[in-house]
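Under the numbering used here, the letters of the sequence shown match residues 93 to 413, in that order. For each residue, glycine too, the CB sits at the ideal point set by N, CA and C.
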Amino acid sequence: MTRAQFSAETAGGGEFVRQPNRFTGRVTPHSTSPEGGGPDEAGRWPLEAGRYRLIWCRACPWAHRARIVRGLLGLDEVISLGTVDPIRDERGWRFTLDPDGFDPALGIGFLSEAYLATDPDYSGRVTVPALVDTLTGRVVTNDYPQLTLDLSTEWRRFHAPDAPDLYPVALRPELDALMAEIHRDVNNGVYRCGFATSQQAYDEAYTALFARLDALSERLAGQRYLMGDAITEADVRLFTTLVRFDVAYHGHFKCNRQKLTELPVLWAYARDLFQTPGFGETVDFDHIKRHYYATHEAINPTRIVPLGPDTSGWTTPHGRG
Numbered sequence: 093m094t095r096a097q098f099s100a101e102t103a104g105g106g107e108f109v110r111q112p113n114r115f116t117g118r119v120t121p122h123s124t125s126p127e128g129g130g131p132d133e134a135g136r137w138p139l140e141a142g143r144y145r146l147i148w149c150r151a152c153p154w155a156h157r158a159r160i161v162r163g164l165l166g167l168d169e170v171i172s173l174g175t176v177d178p179i180r181d182e183r184g185w186r187f188t189l190d191p192d193g194f195d196p197a198l199g200i201g202f203l204s205e206a207y208l209a210t211d212p213d214y215s216g217r218v219t220v221p222a223l224v225d226t227l228t229g230r231v232v233t234n235d236y237p238q239l240t241l242d243l244s245t246e247w248r249r250f251h252a253p254d255a256p257d258l259y260p261v262a263l264r265p266e267l268d269a270l271m272a273e274i275h276r277d278v279n280n281g282v283y284r285c286g287f288a289t290s291q292q293a294y295d296e297a298y299t300a301l302f303a304r305l306d307a308l309s310e311r312l313a314g315q316r317y318l319m320g321d322a323i324t325e326a327d328v329r330l331f332t333t334l335v336r337f338d339v340a341y342h343g344h345f346k347c348n349r350q351k352l353t354e355l356p357v358l359w360a361y362a363r364d365l366f367q368t369p370g371f372g373e374t375v376d377f378d379h380i381k382r383h384y385y386a387t388h389e390a391i392n393p394t395r396i397v398p399l400g401p402d403t404s405g406w407t408t409p410h411g412r413g
């Protein structure tokens with residue numbers, strides 16, 4: 093069997109099995125803790141503007157969705173933003189983009205410092221996004237699927253007056269089922285292709301990925317967004333994978349049946365979102381390519397970052413308005 097990129101997350105049959113999220117605290121108005129306090133007995137942190145800091149990486153699709161949702165809901169001045177370098181070293185995500193290499197709000201050089209301040213015995217992979225409490229330096233959550241849902245529901249009192257409803261109550265059963273399919277086959281599916289260490293594991297992930305993309309193309313052929321005529325959480329989650337597809341997943345992760353630009357419905361849909369305020373301006377193709385090609389040495393041992401593809405097409409008319 094070939095060498096795994098993350099050996100602790102590779103099953104015996106060569107399948108990539110993503111590690112669970114270690115920190116699952118939640119910021120909510122239902123916390124019984126006083127302002128400035130820590131989590132209550134149920135792990136609920138008090139809802140406070142200006143207290144928490146969202147740590148993200150421009151390269152990471154899981155973190156990217158939190159960045160987009162934060163902006164769409166008008167929470168930019170409520171939850172501060174810290175950005176790590178797209179290149180990890182053996183100590184993980186680094187704050188080398190900041191002056192002197194330290195996050196200005198947390199005073200740390202590596203996100204792992206916040207993880208260890210929260211759990212000194214933590215030995216798993218340090219991941220983004222992470223919501224960190226600036227008062228204690230502790231990680232509130234790295235539970236990326238729940239984090240964005242909480243931004244829509246628990247942080248509602250701080251939403252902008254014109255903020256979209258990304259998680260409508262009436263649509264949640266269908267929305268949850270759809271997002272689970274997208275996560276399994278697309279969001280995590282590209283990683284299951286790229287990090288597979290057996291032919292069978294890769295074949296199964298590849299087949300599921302393109303079957304789901306075909307189904308999503310059919311769904312979107314008759315409607316503008318995944319749930320109809322309004323953007324929801326599902327669109328955000330699908331977008332962050334699609335926007336990385338041709339620049340990273342097609343070549344680096346061997347997801348190469350077709351490029352996104354060769355899937356007419358999904359390509360137009362992705363451009364529609366890219367050109368929507370709150371989406372395209374958060375995309376950094378340089379960071380995306382440098383992260384994937386320069387940090388996965390088991391997949392790309394030369395660490396050569398490709399010059400292509402041409403990304404100018406993202407701003408061309410999409411015809412879905």
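{"Asked": "Pairwise C-alpha distance: Gly128 and Leu227", "Found": "8 Å"}
{"Asked": "C-beta atoms of Phe377 and Thr403 nearer than 7 Å", "Found": "yes"}
{"Asked": "Element boundaries [beta strand (DSSP E), containing Thr175]", "Found": "172-175"}
{"Asked": "Other residues of its chain near Ser309: CB distance less than 7 Å, five sequence neighbours each side excluded", "Found": "Leu355, Val357, Leu358"}
{"Asked": "Cα-Cα separation between Pro409 and Arg363, rounded to whole angstroms", "Found": "8 Å"}
{"Asked": "Host beta strand (DSSP E) of Pro138 (start-end)", "Found": "136-138"}
{"Asked": "Sequence-distant residues of the same chain with beta carbon closer than 7 Å to Ala197, five excluded per side", "Found": "Arg145, Ser172, Gly174, Thr226"}
{"Asked": "For Glu296, the nearest candidate out of Leu241, Ser125, Arg284 (CA to CA)", "Found": "Arg284"}
{"Asked": "Residues near Pro131 by beta carbon distance below 6 Å, same chain, minus five either side", "Found": "Gly117, Trp137"}
{"Asked": "Inter-stretch contact at 8 Å, needing at least 3 Cβ pairs: the segment 198-213 / the segment 151-160", "Found": "no"}
{"Asked": "Thr394 classed as buried or exposed, judged by whether at least 16 other C-beta atoms fall within 10 angstroms", "Found": "exposed"}
{"Asked": "Environment of Ala134 [buried if 16+ CB atoms lie within 10 Å]", "Found": "exposed"}
{"Asked": "Helix, strand or coil at Asp402 [DSSP, three-state]", "Found": "coil"}
{"Asked": "Burial state of Pro221 (16 or more Cβ within 10 Å)", "Found": "buried"}
{"Asked": "Straight-line Cα distance separating Arg311 from Leu243", "Found": "27 Å"}
{"Asked": "Cβ pair Ile380, Val339 closer than 7 Å", "Found": "yes"}
{"Asked": "Best match in Asp327, Leu399, Arg316, Arg114 for proximity to Asp213 [C-alpha to C-alpha]", "Found": "Arg114"}
{"Asked": "Closest residue to Gly142 among Thr289, Ala158, Val170 (Cα-Cα distance)", "Found": "Val170"}
{"Asked": "Length of the line joining the Cα atoms of Gly279 and Thr245", "Found": "The question names Gly, yet the displayed sequence has Asn at residue 279. Each residue's alpha carbon lies about 23 Å from the other."}
{"Asked": "C-beta contact flag for Arg186 and Asp177 at 7 Å", "Found": "yes"}
{"Asked": "Val231 versus Thr219 - alpha carbon distance", "Found": "11 Å"}
{"Asked": "Spatially closest choice to Phe250 from Val224, Glu373, Glu140, by CA coordinates", "Found": "Glu140"}
{"Asked": "CB of Tyr294 within 7 Å of CB of Ala300, strictly", "Found": "no"}
{"Asked": "C-alpha distance - Met466 paired with Leu258, whole-angstrom precision", "Found": "Outside the modelled stretch of the chain, which goes from 93 to 413, sits residue 466, for which no answer is possible."}
{"Asked": "Three-state class that DSSP yields for Gly154 in the structure shown", "Found": "Note on residue identity: the sequence assigns Trp, not Gly, to residue 154. Correct three-state label for Trp154: helix."}
{"Asked": "Ala390 (DSSP reduced to helix, strand or coil)", "Found": "coil"}
{"Asked": "Among Asp277, Thr374, Ala262, nearest to Trp148 - alpha-carbon criterion", "Found": "Thr374"}
{"Asked": "Distance CB(Leu223)-CB(Thr233) smaller than 7 Å", "Found": "yes"}
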